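Here the structure is laid out as structure tokens; the discussion comes afterwards.
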Amino acid sequence: MRETFFQQVLKRFNARKSSVISLFIIISLILLSFAGPIFLPYSPDEINVDAILLPPSTLHWFGTDALGRDVFTRIVYGGRISLLVGFVAEGIAVIIGLILGSISGYYGGKVDSVIMRFADIMLCFPTFFLILSVITFLEPNIWNIMIVIGLTGWMQIARLVRGEFLTLREREFVLYEKVLGSSNFYIIFKHILPNALNPVIVSAAFGIAGAILTESALSFLGLGVQPPIPSWGNILTSGKDMMEAAWWLSVFPGLFIFVSILCYNLVGEGLKEALNPKYYK
Amino acid sequence: MRTTIFFLCFVMFFACKADKPVSVSNKSGNLKPDYGDMLIEGSIGDASNLIPFLASDSASHQVADLVYNGLVKYDENLRIVGDLAESFTVSKDGMKIVFKLRKGVKWHDGKELTADDCEFTYKLITNPETPTPYSGDFVMVKNAYAKDKYTFVVEYKEPFAPAISSWGVSIVPKHLLEGQDVTKSPLQRSPIGTGPFIFKSWQQGEKIELKYNDEYFEGRPYLNGVVFRVIPDMATMFLELKSENVDFSALTPVQYERQANTKKITEKFNKYKYLAFAYTYFGFNLKKDLFKDVRVRKAIAYAIDKKEIIKGVLLGLGEEATGPYKPDMEWYNGNVERYEFNPEYAKKLLAEAGYEDRDGDGVLEKNGKPLRFTVLTNQGNDARIKTAEIIQRRLKNVGIDMKILVLEWAAFIKEFVSKRRFDALILGWTIPQDPDLFDIWHSSKMDARGLNHYSYSNPEVDRLLELGRKTVDKEKRRKIYFKVQEILADDVPCVFLYVPYALPVVHKRFRGVSPMPAGIAYNKYKWGVPRIEQKY
Amino acid sequence: MFYYLSRRIIAMIPVLFGITLISFFIINLAPGEPTDMQVELNPRITPEIIEKLRKHYDLDKPIHVRYIKWLKNLATLDFGKSLTPDGRNVMDKIKERIPLTITINLISMFIIIIFSIPLGVFVSTHRGTIRERLTTMLSFFFYSIPSFWLAIVLIMVFGVYLGWLPVSGLKSLHYGSLSSVQKFFDLAKHLLLPILVASVGGIAAFSRYVSSNFDDVIKQEYILLARAKGIPERVILKKHALKNALIPVITILGLSVPGLISGSVIFESIFALPGMGQLLYQSVMARDYPTIMGMLVITSFLTLIGNLLADIGYMIADPRIKYR
Numbered sequence: 000m001r002e003t004f005f006q007q008v009l010k011r012f013n014a015r016k017s018s019v020i021s022l023f024i025i026i027s028l029i030l031l032s033f034a035g036p037i038f039l040p041y042s043p044d045e046i047n048v049d050a051i052l053l054p055p056s057t058l059h060w061f062g063t064d065a066l067g068r069d070v071f072t073r074i075v076y077g078g079r080i081s082l083l084v085g086f087v088a089e090g091i092a093v094i095i096g097l098i099l100g101s102i103s104g105y106y107g108g109k110v111d112s113v114i115m116r117f118a119d120i121m122l123c124f125p126t127f128f129l130i131l132s133v134i135t136f137l138e139p140n141i142w143n144i145m146i147v148i149g150l151t152g153w154m155q156i157a158r159l160v161r162g163e164f165l166t167l168r169e170r171e172f173v174l175y176e177k178v179l180g181s182s183n184f185y186i187i188f189k190h191i192l193p194n195a196l197n198p199v200i201v202s203a204a205f206g207i208a209g210a211i212l213t214e215s216a217l218s219f220l221g222l223g224v225q226p227p228i229p230s231w232g233n234i235l236t237s238g239k240d241m242m243e244a245a246w247w248l249s250v251f252p253g254l255f256i257f258v259s260i261l262c263y264n265l266v267g268e269g270l271k272e273a274l275n276p277k278y279y280k
Numbered sequence: 000m001r002t003t004i005f006f007l008c009f010v011m012f013f014a015c016k017a018d019k020p021v022s023v024s025n026k027s028g029n030l031k032p033d034y035g036d037m038l039i040e041g042s043i044g045d046a047s048n049l050i051p052f053l054a055s056d057s058a059s060h061q062v063a064d065l066v067y068n069g070l071v072k073y074d075e076n077l078r079i080v081g082d083l084a085e086s087f088t089v090s091k092d093g094m095k096i097v098f099k100l101r102k103g104v105k106w107h108d109g110k111e112l113t114a115d116d117c118e119f120t121y122k123l124i125t126n127p128e129t130p131t132p133y134s135g136d137f138v139m140v141k142n143a144y145a146k147d148k149y150t151f152v153v154e155y156k157e158p159f160a161p162a163i164s165s166w167g168v169s170i171v172p173k174h175l176l177e178g179q180d181v182t183k184s185p186l187q188r189s190p191i192g193t194g195p196f197i198f199k200s201w202q203q204g205e206k207i208e209l210k211y212n213d214e215y216f217e218g219r220p221y222l223n224g225v226v227f228r229v230i231p232d233m234a235t236m237f238l239e240l241k242s243e244n245v246d247f248s249a250l251t252p253v254q255y256e257r258q259a260n261t262k263k264i265t266e267k268f269n270k271y272k273y274l275a276f277a278y279t280y281f282g283f284n285l286k287k288d289l290f291k292d293v294r295v296r297k298a299i300a301y302a303i304d305k306k307e308i309i310k311g312v313l314l315g316l317g318e319e320a321t322g323p324y325k326p327d328m329e330w331y332n333g334n335v336e337r338y339e340f341n342p343e344y345a346k347k348l349l350a351e352a353g354y355e356d357r358d359g360d361g362v363l364e365k366n367g368k369p370l371r372f373t374v375l376t377n378q379g380n381d382a383r384i385k386t387a388e389i390i391q392r393r394l395k396n397v398g399i400d401m402k403i404l405v406l407e408w409a410a411f412i413k414e415f416v417s418k419r420r421f422d423a424l425i426l427g428w429t430i431p432q433d434p435d436l437f438d439i440w441h442s443s444k445m446d447a448r449g450l451n452h453y454s455y456s457n458p459e460v461d462r463l464l465e466l467g468r469k470t471v472d473k474e475k476r477r478k479i480y481f482k483v484q485e486i487l488a489d490d491v492p493c494v495f496l497y498v499p500y501a502l503p504v505v506h507k508r509f510r511g512v513s514p515m516p517a518g519i520a521y522n523k524y525k526w527g528v529p530r531i532e533q534k535y
Numbered sequence: 000m001f002y003y004l005s006r007r008i009i010a011m012i013p014v015l016f017g018i019t020l021i022s023f024f025i026i027n028l029a030p031g032e033p034t035d036m037q038v039e040l041n042p043r044i045t046p047e048i049i050e051k052l053r054k055h056y057d058l059d060k061p062i063h064v065r066y067i068k069w070l071k072n073l074a075t076l077d078f079g080k081s082l083t084p085d086g087r088n089v090m091d092k093i094k095e096r097i098p099l100t101i102t103i104n105l106i107s108m109f110i111i112i113i114f115s116i117p118l119g120v121f122v123s124t125h126r127g128t129i130r131e132r133l134t135t136m137l138s139f140f141f142y143s144i145p146s147f148w149l150a151i152v153l154i155m156v157f158g159v160y161l162g163w164l165p166v167s168g169l170k171s172l173h174y175g176s177l178s179s180v181q182k183f184f185d186l187a188k189h190l191l192l193p194i195l196v197a198s199v200g201g202i203a204a205f206s207r208y209v210s211s212n213f214d215d216v217i218k219q220e221y222i223l224l225a226r227a228k229g230i231p232e233r234v235i236l237k238k239h240a241l242k243n244a245l246i247p248v249i250t251i252l253g254l255s256v257p258g259l260i261s262g263s264v265i266f267e268s269i270f271a272l273p274g275m276g277q278l279l280y281q282s283v284m285a286r287d288y289p290t291i292m293g294m295l296v297i298t299s300f301l302t303l304i305g306n307l308l309a310d311i312g313y314m315i316a317d318p319r320i321k322y323r
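Residue numbers (numbering that gives the first Met the number 0), protein chains in the order written: chain A, 0 to 280; chain B, 0 to 535; chain C, 0 to 323.
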């Protein structure tokens, strides 16, 4: 029964070409970022002060950066950070948000109040202030950054899920199940959650994009990953003060961010339709 | 944004005065300046407090410099000359200074400045209630008093060579501050001084406007006013410059080399460059076992290619540093070990120290412990981070594994530097005009609050530094600091990396901009614009 | 409903209290002290000077004593004095920056709503067409452009090359000599690009939420029923579908207040605007505790109001939600 559901999902997902292509692109970007060393002629931290800020050429496809490093190589390696940041951070956020949001929305009352007040408190902190505090406490490495982005990102999902639950739990089919005496657990997972998932997936896809952008904003503020590790965000930021002198430092990483964000969202779209049986009744 | 974090790199751009500057393209026409027009100066940070000794940021001092005067100042050749003081005499033993004030100098509110104001300023700065970081300048003072209306006398406990320069501190008006809590004084927001410009208005985070002082004792300035515009982002600063909304600003090396050569800029602006009064260094924590062996420190010094750093980080716009002074200073001793790039020799030194790569991982080890450490630097200073990246690469080549950790400034200082929780760090110092090095290199400054971060202790250096402070005779003093530089170079408590160039640009309509050892900003109040070119 | 609302408003008090408590301790535990910024790396500093400064700022007292003192002052709406050398009242510091930030954010919020709803509906009702694909791509494009990048490009084009708009800042130099109408246009010219930058990402994001919800709603039974009844499509879309599709969007709107304020730090610094974002960033970096606390209290308050409004919006949009 389970497997057939999974197969159905797969089939439905496969039916959406744009989502399949997007998934393919994301997977190849990830693979590329890890398999890069095998075929790339440069190393990402190969400094060459005689080749500073060279424009794109056949030698350096995407030009070189302020220390003469090959930008293409750095972008390929940067994918490890940038693609992962979004995925891991948003994963943490979605899990926390789903759990707290469902509990809050389904039970309501005191439980709801406590959870939502806690979410309110969390929301009132400007995220970057929280990130800053954590980074000053812990070492500013990429894992800590991902965890912090995740821990500060669940509130939106929780509130969305709760909002859906608030509406859904008053719906006829839930009330009917209740009358039948079904357990809360069963009702939440069988009836409400699948229906509440829609906005979550869209929001999560955006969250991934948001996390990628947060990483680049952190780089802008100088609080991102540690040098010399490249990320799309810090390559982009390094080009900020020389957009005219070195456009390739802004355009190429920006392009990669755009493509990955687009792909993550199209995959999210496909998933949403594939997971939600409502469309195919 | 980022006020203090940028302080050190900021100092490079604005506050520095330098020897033998190079004028890159200064074609001043035959026109003479007339009264009128304004200078719009771009500043990355807003001022914090316009009672200058309450603030330590350069943005505040830039403004205060035009509004206040000190008793003395540095002239264009970096000699100390009288400012509010018409003349001053230092006694032979260096223990007493007598300042004769100019007569008839008026505060901006019309009252006359007297020696009482100087005495009051001294008392205010040394008052324990005043939250100023500058009272340390005056701990050696035994007594400072107004002898008569125009004579101000200072007596010292012992000879103190840096004494005279400390009297460049801004003199504040007694009649407006006496009997008040200085931290509540309105003068913090709207200062009243004796300087060439009068404070006009301050829009927080936006701009500060000054207007000319008609009664200035050196005559009224040509300019009608000076406006400091706060532009926190260097990219925006350059765009403002390009559209001629800013007349005077500093550039980054990339902007200077790669973006400021377009016709749009060169037709309208003069570019200047001169050695900034600051250096960047790679410092060791000498308490770590790893760096106790001088051969390891020397090996690292030889493994670092300073030329490469200057080329990569500053695009060539800097000079190699060999000690705590800059090459064009009279205190500079170029005749010390320079540690020219020599990786082979570095490897040899490491082998001598007992390091070899037994497990073939590319990292040397000794007694099973790999030659591995972390270098710290602060967030917000791109040049230092790039320097770290270049050094990392070079050290890897000789078998040293160096990690880089970039930390936010407050945490960096408090948790790591002050507590000496670091292996090595990349930081910078400003180079004061006075050669005194006591606070950074004397072993008594090794405690947590002291600035001897390296925990460097050498009795000979201690002795010389103590002597140097007490020696008033310039030649003797020079010899002392020459010797200190030799010892520092041999001991390698840190690798002196580079002295960057300050890279200001000024709109061409301003006349009287003349690059001197002190840089260009020293006579800003004398700049002016011929009538036909006036803009505002 | 009135009962519910009054309870919600009362419940805001412990939340605000919780926020101040947690943040006060986090801030004070974070490494570094405000005095560090003034004295560190200054060669002429003696330990006595540091003690003097710490005493001046009350930093020598234990943290709970300081918190209680802060709370007492808060009761009279006194946020204390900034610990930076300017030593000004925090209230004054915030007051002069709040109008700018609120203006920019309110206008951009308005623009976001105005543009994203029709855009979202358009996308949802034209699924599969080329126009829809293009719109979607474009909205992703704008979403993924980092705001600093967009800001600089816009300045380069409109400020430097075309010279139509000012490069940065809030007012022209001759602002003081303008008539009030001219003043308005001067401000408007300066704020045009910042508002644009602040809105673009939001429009892209919100239109996605709207269209996604619209997709769901339009497949609901009651819409199908309405169609079957022969109610005109326009009426269905406007009256039934849109209203329901907007519910989750309301939540997100209510949530975006603190994000907008802290998110403004980037474009404020590029456009050289003296707003709250920059102040917050500077204060955090300088460990200016009273200013940080003051800003947190104010943004928290605004956020809570935003959330409350969102909940009221819920009730209006969906009467089925019960509030006990």
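Yeah, the Cβ is synthetic: ideal placement off N, Cα and C, and Gly gets one too. All of these numbers come straight from a predicted model, not from anything done at the bench.
- In the three-state DSSP reduction, TRP106 (chain B) falls in the coil class, being neither helix nor strand.
- A:LEU235 is the residue among A:SER259, A:PHE124, A:ASP69, A:LEU235 whose C-alpha sits nearest the C-alpha of SER249 (chain A).
- Within 8 Å of the CB of GLY311 (chain B), the CB atoms of chain A belong to ILE46, VAL48, ILE51, ALA65, LEU66, GLY67, in sequence order along the chain.
- The contact set of MET154 (chain A) on chain B, defined by CB atoms closer than 9 Å, is empty, because the minimum CB distance reaches about 25 Å.
- For the pair SER189 (chain B) and PRO84 (chain C), the CB atoms are not nearer than the 9 Å cut-off.
- In terms of CA proximity to LYS156 (chain B), B:VAL140 leads the group B:VAL140, B:TYR344, B:VAL362.
- Of the other Cβ atoms in all chains shown, 16 or more fall within 10 Å of the Cβ of GLN61 (chain B); this residue is therefore buried.
- As a beta-bridge residue in DSSP terms, GLU208 (chain B) pairs with B:SER200, B:VAL226.
- For GLY85 (chain A), the closest C-alpha among the options A:ILE207, A:LEU212, A:GLU214 is that of A:ILE207.
- The beta carbon of GLU239 (chain B) sits closer than 7 Å to those of GLY41, ILE230, VAL245, all from its chain and outside the five residues before and after it, given in chain order.
- For LYS51 (chain C), the chain B residues whose C-beta falls within less than 7 Å of its own C-beta are PRO127, PRO130, listed in chain order.
- A Cβ-Cβ distance of about 7 Å is found for the pair VAL264 (chain C) and LEU279 (chain C), placing them in contact under the 8 Å criterion.
- Around LYS395 (chain B), the same chain offers GLY361, MET401 as residues with beta carbons nearer than 8 Å, after the five sequence neighbours per side are excluded.
- Here TYR185 (chain A) is exposed, its C-beta having fewer than 16 other C-beta atoms within 10 Å.
- Taking C-alpha positions only, GLN202 (chain B) is separated from TYR67 (chain B) by approximately 20 Å.
- Selection B:ALA423, B:ILE519, B:MET37, B:GLU177 evaluated against CYS493 (chain B) yields B:ALA423 as nearest (Cα-Cα).
- By the CB criterion at 9 Å, TYR301 (chain B) and GLU339 (chain B) fall inside the cutoff.
- Counting only the Cα atoms, ILE146 (chain A) lies some 7 Å from ILE91 (chain A).
- Think of a sphere of 9 Å around the beta carbon of ALA244 (chain A): the chain B residues whose beta carbon falls inside it are VAL253, GLN254, GLU256, ARG257, GLN258, in chain order.
- In the three-state DSSP reduction, LEU424 (chain B) falls in the strand class (E or B).
- When C-beta distances to chain A are compared with 9 Å, the residues of the stretch 13 to 30 of chain C below that value are PRO13, VAL14, LEU15, GLY17, ILE18, ILE21, SER22, ILE25, ILE26, LEU28, ALA29, PRO30, in chain order.
- Residue environment for PRO458 (chain B): exposed (fewer than 16 other C-beta atoms within 10 angstroms of its C-beta).
- If you compare the alpha carbons of A:PHE12, A:ASN13, A:LEU22, A:ILE144 with that of CYS262 (chain A), the shortest gap goes to A:LEU22.
- About 4 Å separates the beta carbon of ASP33 (chain B) from that of ARG530 (chain B), a gap short enough to meet the 8 Å contact definition.
- At least 9 Å separates the CB of SER103 (chain A) from every CB of chain C.
- Between MET115 (chain A) and chain B, the shortest Cβ-Cβ separation is not below 9 Å.
- When B:GLN391, B:LYS95, B:PHE276 are compared, the shortest CA-CA separation from ILE430 (chain B) is found for B:PHE276.
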